[in-house]
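One line per chain: the protein sequences are A and B, in this order.
Heads up, the first sequence is in my numbering, so the first residue is 1 and it goes up one at a time.
Heads up, the second sequence is in my numbering, so the first residue is 1001 and it goes up one at a time.
Backbone N, C-alpha and C fix where the C-beta goes; we use that ideal spot for every residue, glycine too.
A short write-up of the structure that comes next.
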Amino acid sequence: DVKVTQSSRYLVKRTGEKVFLECVQDMDHENMFWYRQDPGLGLRLIYFSYDVKMKEKGDIPEGYSVSREKKERFSLILESASTNQTSMYLCASSFARDLPRGGYTFGSGTRLTVV
Amino acid sequence: QQQVKQSPQSLIVQKGGISIINCAYENTAFDYFPWYQQFPGKGPALLIAIRPDVSEKKEGRFTISFNKSAKQFSLHIMDSQPGDSATYFCAASKAGRRALTFGSGTRLQVQP
Chain A
1 DVKVTQSSRY LVKRTGEKVF LECVQDMDHE NMFWYRQDPG LGLRLIYFSY
51 DVKMKEKGDI PEGYSVSREK KERFSLILES ASTNQTSMYL CASSFARDLP
101 RGGYTFGSGT RLTVV
Chain B
1001 QQQVKQSPQS LIVQKGGISI INCAYENTAF DYFPWYQQFP GKGPALLIAI
1051 RPDVSEKKEG RFTISFNKSA KQFSLHIMDS QPGDSATYFC AASKAGRRAL
1101 TFGSGTRLQV QP
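Here you go:
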């Protein structure tokens, strides 16, 4: 079964810390995405990557950066965590050609709390 | 500013009833409209999708109705079951952009 694995299910970090969220997919997908999920706001796109070392800003990139050194791994970095970054973070991946048909495969999410 | 507006925020339906979730969009460049289903503790999963060249798509108990002129689309769940209780997200994407834009989500509860 295809998988998108997020390294942590729950994380608690302190304000100002540098935080790394890791995502690995085993489907040889070209596209990888980071979304955050907040009640009443749905899923909002932070960053996505369509190839190794390639990235594009989503709708809410401020305070975040990403890294994609290998095709299967996409990391989200919170440069200096703040309490307003407390959220559920979802990683997803897809084939470049399949967005019109197959959609995304999501991981189970990382619930980050910044205190 | 949300590009895809979803309503209602929450919905309670009796077992066997019809659940209806609505979405509206402004950007006429959108050309793919999927619905995702999310159970607690899990990531969303693709449920059903439609392109704007058809007005309706049905898969089992799930139907998407699409009104291109009104820029609206909706999900109908027929004979709703307690196992359908989940959060549902509509989404949209446009050619040339690989990322989906999601609605705000609807929490559906089907009572036995």
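For VAL24 (chain A), would you say it is in contact with chain B, using Cβ-to-Cβ distances shorter than 9 Å as the test? No, because no Cβ of chain B sits closer than 9 Å to the Cβ of VAL24 (chain A).
With 16 other CB atoms within 10 Å as the buried threshold, where does GLY16 (chain A) fall? So GLY16 (chain A) ends up on the exposed side.
Applying a beta-carbon distance threshold of less than 7 Å, which residues of chain B neighbour LEU43 (chain A)? By Cβ distance, chain B contributes PHE1089, PHE1102.
For GLN1038 (chain B), does the three-state DSSP call read helix, strand or coil? GLN1038 (chain B) falls in the strand class under three-state DSSP.
Taking LYS1042 (chain B) as the query, report the chain A residues whose CB atoms sit under 9 Å from its CB, ordered along the chain. Those are PHE106, SER108, GLY109, listed as they occur along chain A.
Listing by chain order, which chain B residues have their CB less than 9 Å from the CB of ALA81 (chain A)? Residues of chain B passing the Cβ test: none, with the nearest at roughly 22 Å.
Collapsed DSSP secondary structure at THR1028 (chain B) in the structure displayed: For THR1028 (chain B), the three-state secondary structure derived from DSSP is coil.
Using DSSP's beta-bridge definition, name the partner residues of VAL1004 (chain B). Beta-bridge pairing links VAL1004 (chain B) to B:TYR1025.
Going along the stretch 43-71 of chain A in order, which residues come within less than 7 Å of chain B, judged by CB to CB distance? For the stretch 43-71 of chain A, which is checked against every Cβ of chain B, the residues closer than 7 Å are LEU43, LEU45, PHE48, TYR50, GLY58.
Are the C-beta of VAL114 (chain A) and some C-beta of chain B separated by less than 9 Å? No, because no Cβ of chain B sits closer than 9 Å to the Cβ of VAL114 (chain A).
Name the chain B residues whose beta carbon is nearer than 7 Å to that of LEU76 (chain A)? None at all; the shortest Cβ gap to chain B is about 15 Å.
Evaluate ILE1050 (chain B) with the Cβ neighbour count: other Cβ atoms within 10 Å of its Cβ, from every protein chain shown; 16 or more gives buried, anything less gives exposed. ILE1050 (chain B) should be labelled buried.
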